[in-house]
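Keeping their order, the protein sequence lines are chains A and B. Numbered according to this note's numbering, the first sequence spans residues 1 to 112. Numbered according to this note's numbering, the second sequence spans residues 113 to 227. Cβ atoms here follow ideal geometry from the backbone N, Cα and C, with glycine treated the same way. Presented below is the structure to which this report refers.
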Amino acid sequence: NAGVTQTPKFQVLKTGQSMTLQCAQDMNHEYMSWYRQDPGMGLRLIHYSVGAGITDQGEVPNGYNVSRSTTEDFPLRLLSAAPSQTSVYFCASRTGLKNIQYFGAGTRLSVL
Amino acid sequence: KQEVTQIPAALSVPEGENLVLNCSFTDSAIYNLQWFRQDPGKGLTSLLLIQSSQREQTSGRLNASLDKSSGRSTLYIAASQPGDSATYLCAVRDVSSGSARQLTFGSGTQLTVLP
Numbered sequence: 001n002a003g004v005t006q007t008p009k010f011q012v013l014k015t016g017q018s019m020t021l022q023c024a025q026d027m028n029h030e031y032m033s034w035y036r037q038d039p040g041m042g043l044r045l046i047h048y049s050v051g052a053g054i055t056d057q058g059e060v061p062n063g064y065n066v067s068r069s070t071t072e073d074f075p076l077r078l079l080s081a082a083p084s085q086t087s088v089y090f091c092a093s094r095t096g097l098k099n100i101q102y103f104g105a106g107t108r109l110s111v112l
Numbered sequence: 113k114q115e116v117t118q119i120p121a122a123l124s125v126p127e128g129e130n131l132v133l134n135c136s137f138t139d140s141a142i143y144n145l146q147w148f149r150q151d152p153g154k155g156l157t158s159l160l161l162i163q164s165s166q167r168e169q170t171s172g173r174l175n176a177s178l179d180k181s182s183g184r185s186t187l188y189i190a191a192s193q194p195g196d197s198a199t200y201l202c203a204v205r206d207v208s209s210g211s212a213r214q215l216t217f218g219s220g221t222q223l224t225v226l227p
């Protein structure tokens, strides 16, 4: 059971570089989300999707883009990385409002 | 806007003790509340999910309660073990957060169980 898979696990970028954080789930969940976790601030929602072709902004969307071309995949793009985007990024998925949310293992990103 | 608070931020107990972790939320209009465990450098693992119509949920040595009217939840851990050392996060899915009803997280309680 793979669940929610995130790649890469670690990444170091220079300011201004771009990259894509990958997220895939094999549970046929319609809802997928990206969160960032910063010390003392808990997890904050970046973007989410309620199904293929449908995405929307969360609490902290600036500097990030997403797309959802398939049910399984929900990549997060940083177009021009900034030091403020240094964080741990988690992808999550679920099905239905009343159901458990499953998380990936995270991507630890440092922007120098 | 929903706010979730967890106090204390850190807790250290000797092995074998029973302990309670607290979570409070400001908007009682919620669908459910979920407790997670996070080990250092790892992702979040769901422990218990309590629907808004429920008062408690149990799994092994863990018991979570929900008092929606007062905006409180507790996670009770019986006979604590060093392996329980981790950060425990609570999160609520509230009715007013938009069509996707995303989770609002507390900052967590870092638990250390001393052998």
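For residue j and residue i, believed in contact at Cβ under 8 Å, the rounded distance
| i | j | result |
| --- | --- | --- |
| residue 218/B | residue 146/B | Between residue 146/B and residue 218/B the Cβ distance is about 11 Å, and since that is not below 8 Å, they are no contact. |
| residue 103/A | residue 160/B | Residue 103/A to residue 160/B, Cβ: 15 Å. No contact. |
| residue 33/A | residue 78/A | Not confirmed; about 17 Å, so no contact. |
| residue 31/A | residue 50/A | 6 Å |
| residue 81/A | residue 7/A | Not a contact, Cβ separation roughly 17 Å. |
CB contact below 9 Å: residue i versus chain A
| i | result |
| --- | --- |
| residue 172/B | no |
| residue 211/B | Confidence at residue 211/B is low in this model, with a pLDDT of 49, below 50, so its placement is unreliable and the value that follows should be read with caution. True, the Cβ-Cβ gap to chain A drops below 9 Å. |
| residue 187/B | no |
| residue 145/B | no |
| residue 224/B | no |
| residue 180/B | no |
| residue 221/B | no |
| residue 156/B | yes |
| residue 123/B | no |
Pair within 9 Å by beta-carbon distance, residue i and residue j
| i | j | result |
| --- | --- | --- |
| residue 189/B | residue 177/B | no |
| residue 87/A | residue 36/A | yes |
| residue 105/A | residue 113/B | no |
| residue 148/B | residue 185/B | no |
| residue 226/B | residue 158/B | no |
| residue 113/A | residue 4/A | Nothing can be reported for residue 113/A, as the shown portion of chain A is limited to 1 through 112. |
| residue 89/A | residue 13/A | no |
| residue 108/A | residue 25/A | no |
Candidates the options: closest to residue i by CA position
| i | options | result |
| --- | --- | --- |
| residue 58/A | 123/B, 115/B, 122/B and 214/B | 214/B |
| residue 120/B | 220/B, 227/B and 197/B | 220/B |
| residue 53/A | 39/A, 95/A, 112/A and 71/A | 71/A |
| residue 142/B | 216/B, 128/B and 192/B | 216/B |
| residue 63/A | 69/A, 55/A, 46/A and 5/A | 46/A |
| residue 126/B | 197/B, 179/B and 175/B | 197/B |
| residue 133/B | 139/B, 194/B and 122/B | 122/B |
| residue 174/B | 116/B, 200/B and 207/B | 200/B |
| residue 56/A | 74/A, 2/A and 85/A | 74/A |
CB contact below 9 Å: residue i versus chain B
| i | result |
| --- | --- |
| residue 53/A | no |
| residue 103/A | yes |
| residue 48/A | yes |
| residue 108/A | yes |
Continuous alpha helix (DSSP H) assignments of at least 4 residues falling wholly in the segment 140-216 of chain B: none
Whole beta strand (DSSP E) elements within the segment 16-87 of chain A, 3-residue minimum: 19-25, 31-38, 42-51, 54-57, 64-66 and 76-78
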